[in-house]
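Chains as they are written, first to last, in our numbering: chain A, 596 to 865; chain B, 12 to 267. All C-beta atoms, glycine included, are put in the ideal place defined by N, C-alpha and C. All of these numbers come straight from a predicted model, not from anything done at the bench.
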Amino acid sequence: MSTVAAGLSALDRLDRLARLDSPVHRVDPRAKVIATGVFIVCVVSSTKYEILGLLPFAVFPMVLAAEGDLPLGFLGKLLLVASPFAVVMGAFNPVFDREVVAHLGPVPITGGLVSYASIVLRFALTVGAALVLTATTSFTGICLALERLRVPEVLVTQLLLLYRYIFVLGDEARRMGQARRLRSFGRRGLGWHVYGQMLGQLLLRTFGRAQRLYLAMKSRGFDGSIRVARRLHFGPRDLAFTLVWSALFVLFRVVNLPLALGHLLVGAGR
Amino acid sequence: MSHHTITVDDLSFAYPDGTRALDGVSFGAGHGEAIAVVGANGAGKSTLLLHLNGLLTPEHGSVDIGGVPVTKATLPDIRRTVGMVFQDPDDQLFMPTVAEDVGFGPLNLGLAPEEVAARVHAALARVAAEHLAERPPYRLSGGEKRVVAIATVLAMEPKVLVMDEPSSGLDPRARRRLIDLLEGFEHTRLVATHDLDLAATLCERTIVLGRGRVLADRPTTDVFRDDALLEAGGLERPLGMLACPVCGAATARADA
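This is the structure:
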């Protein structure tokens, strides 16, 4: 299977997971979007060398995944697929920041190593939470939540159409790739030059598609806004979900719980 | 609008790049009539269809639907009256689920949510696709996409149906079901198609287009027996009107 096809089937599986029914799935999309937003802000705003203080945050994606009956192996694999980004982004930290901040037995630990670990951990937490959000809410649900939360309509429409047509576009890309492979006989088939032209082709096809799509929308009375009849219900349980989780994240962010717990234990031991 | 007629008068259109797509096309369609528009690739079929609900504006000539001229001012009415089914259902199904897609038009018409739900249900029932309501469009088969695309248009309760290649890419059974479905409609229908058997089954009248002009506008059986005309239009007799290639026997409809 080509990478494009693999990516699409993963998206498709996420979408099907979002159709399951569980207490987490039933929470109003807005509650989940807000909680995840607060989560991400709290995680990302932690200090550069924070590791211990980030650990409690893992509770959120884990509890949601467990309550939502999500397959952890599948989500872990998606996390790995996305990880090169974070791994590369922080790769130079250990090179530039060589100040030794601690010793693990005889091994010196540099500040760069710590900040690198922090970056990777933050990545895993935020992307993990986003994946869990998507797998329990569905991309469409998130879009609807954003719309109700007063995110500009143009943006939401773009997201909705992006999600709908990523499958069509991916399929076109897959077919073009297949056609290229069939006639390149195991070689690179003229290399990057061809890839450039294929991308250009894909872009032109996309323009054509967009044009036809717009005509089809106009034929059915499209006037600039996409109306969706789906109704959302934000009840007391959803409010509780949002408030409890958000409060917890702020607590995690302000108080370094593992450290405090450590002090408590060590202090009590003396 | 009690009469659901189409009147096209001396219609000409050229694309911005200079390609002349239509050159003085005139024809009329009566209430409830089914008309096939046939012709080779590039004959101007799709361009003609796009004029019927005002997606393209004529360079010269006019289009009139049920006595209402197609102009900028009448567009909302025209688009409610004329339902357009596009060639590629992927272009037509853009909402997250089938039900939401079918509801898109009615919601734009400003109908109440209950009325929209009723229309969605009725339209999907009409094409026997109620079981697909909650599915995302990308997970439908070609035949399912096609009937859902038709349902999205039916939900607006149009009086005139305009279809571009409705049977392309369908397997034989899905195609047969589609033809049966279209036969049962009471709308005024205009079908652009390369599927001449579909035209022969569905339409009493056929318009042959060639290079943007009307080459013929006659009863379908008449058109498909005129080999010189078919040749000029880049067409061939439908298989249903040819002798059997295996046993040589003429089929029931051939030159009777």
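Chain B contact residues for residue i, given Cβ-Cβ distances below 7 Å
| i | result |
| --- | --- |
| A:Thr721 | Within 7 Å Cβ-Cβ: nothing; A:Thr721 doesn't reach chain B, min ~25 Å. |
| A:Thr801 | Those do not exist, as A:Thr801 stays about 12 Å from chain B at its closest Cβ, beyond 7 Å. |
Chain-ordered neighbours of residue i on chain B, where CB pairs are closer than 8 Å
| i | result |
| --- | --- |
| A:Arg807 | Phe97, Asp99 and Asp102 |
| A:Asp616 | Per Cβ cutoff of 8 Å: no residues; A:Asp616 is ~13 Å from chain B at best. |
| A:Asp610 | Pro147 |
Three-state secondary structure assigned by DSSP to residue i
| i | result |
| --- | --- |
| B:Val81 | coil |
| A:Phe847 | helix |
| B:Ala227 | strand |
| B:Val257 | coil |
| B:Gly35 | strand |
| B:Ala54 | coil |
| B:Ile89 | helix |
| A:Ser841 | helix |
| A:Ile761 | helix |
| A:Phe817 | coil |
| B:Leu22 | strand |
| A:Arg804 | helix |
| A:Ser640 | coil |
| B:Gly72 | strand |
| B:Met174 | strand |
| A:Ala600 | helix |
| A:Ile737 | helix |
Within chain A, partners of residue i - CB distance below 7 Å
| i | result |
| --- | --- |
| B:Thr68 | Neighbours of B:Thr68 on chain A: none; closest Cβ ~13 Å, over 7 Å. |
| B:Met167 | Arg815 |
| B:Leu120 | Gly816 |
| B:Arg236 | Those within 7 Å of B:Arg236 in chain A number zero; the least Cβ separation is about 35 Å. |
| B:Gly116 | Arg815 and Gly816 |
Residue i, buried or exposed, once every other Cβ within 10 Å from all chains shown has been counted against 16
| i | result |
| --- | --- |
| A:Lys627 | buried |
| B:Leu21 | As written in the sequence, residue 21 of chain B is Asp, which differs from the Leu given in the question. Counting Cβ neighbours within 10 Å, B:Asp21 comes out exposed, since fewer than 16 surround it. |
| B:Thr82 | exposed |
| B:Gln98 | buried |
| A:Ser641 | buried |
| B:Asp206 | buried |
| B:Cys258 | exposed |
| A:Arg778 | exposed |
| A:Gln792 | exposed |
| B:Pro249 | buried |
| A:Trp840 | buried |
| B:His198 | buried |
| B:Arg157 | buried |
| A:Ala565 | No answer is possible for residue 565 of chain A: it lies beyond the span of chain A, which begins at 596 and ends at 865. |
| B:Glu176 | buried |
Contact list for residue i against chain B, beta-carbon separation under 9 Å
| i | result |
| --- | --- |
| A:Leu755 | Phe105, Met106 and Pro107 |
Contact list for residue i against chain A, beta-carbon separation under 8 Å
| i | result |
| --- | --- |
| B:Pro87 | Gly816 |
| B:Thr163 | Arg815 |
Neighbour list for residue i in chain A, Cβ cutoff strictly below 9 Å
| i | result |
| --- | --- |
| B:Arg90 | Lys813, Ser814, Arg815 and Gly816 |
For the region 761–785 of chain A, which residues have a CB atom closer than 8 Å to at least one CB atom of chain B, in sequence order? Interface annotation for the region 761–785 of chain A against chain B: Phe762 and Val763, criterion Cβ-Cβ distance under 8 Å.
Start-end ranges of the beta strand (DSSP E) lying completely within the region 667–712 of chain A, minimum 3 residues: For the region 667–712 of chain A, whole beta strand (DSSP E) runs of length 3 or above, ordered along the chain, are 695–699 and 702–705.
Going along the chain, which residues of the region 39–63 of chain B sit with their C-beta nearer than 9 Å to a C-beta in chain A? Residues Leu61.
What residues in the region 185–215 of chain B have a beta carbon less than 8 Å from any beta carbon of chain A? Residues of the region 185–215 of chain B with a C-beta less than 8 Å from any C-beta of chain A: none at all.
At 4 residues or longer, and completely inside the region 74–160 of chain B: list those alpha helix (DSSP H) runs for me, N to C. For secondary structure counted as the alpha helix (DSSP H) over 4 or more consecutive residues, the region 74–160 of chain B holds these complete runs in sequence order: 86–92, 100–103, 109–119 and 124–137.
Every unbroken beta strand (DSSP E) inside the region 612–637 of chain A [3 residues or more]: Within the region 612–637 of chain A, no complete beta strand (DSSP E) run reaches 3 residues.
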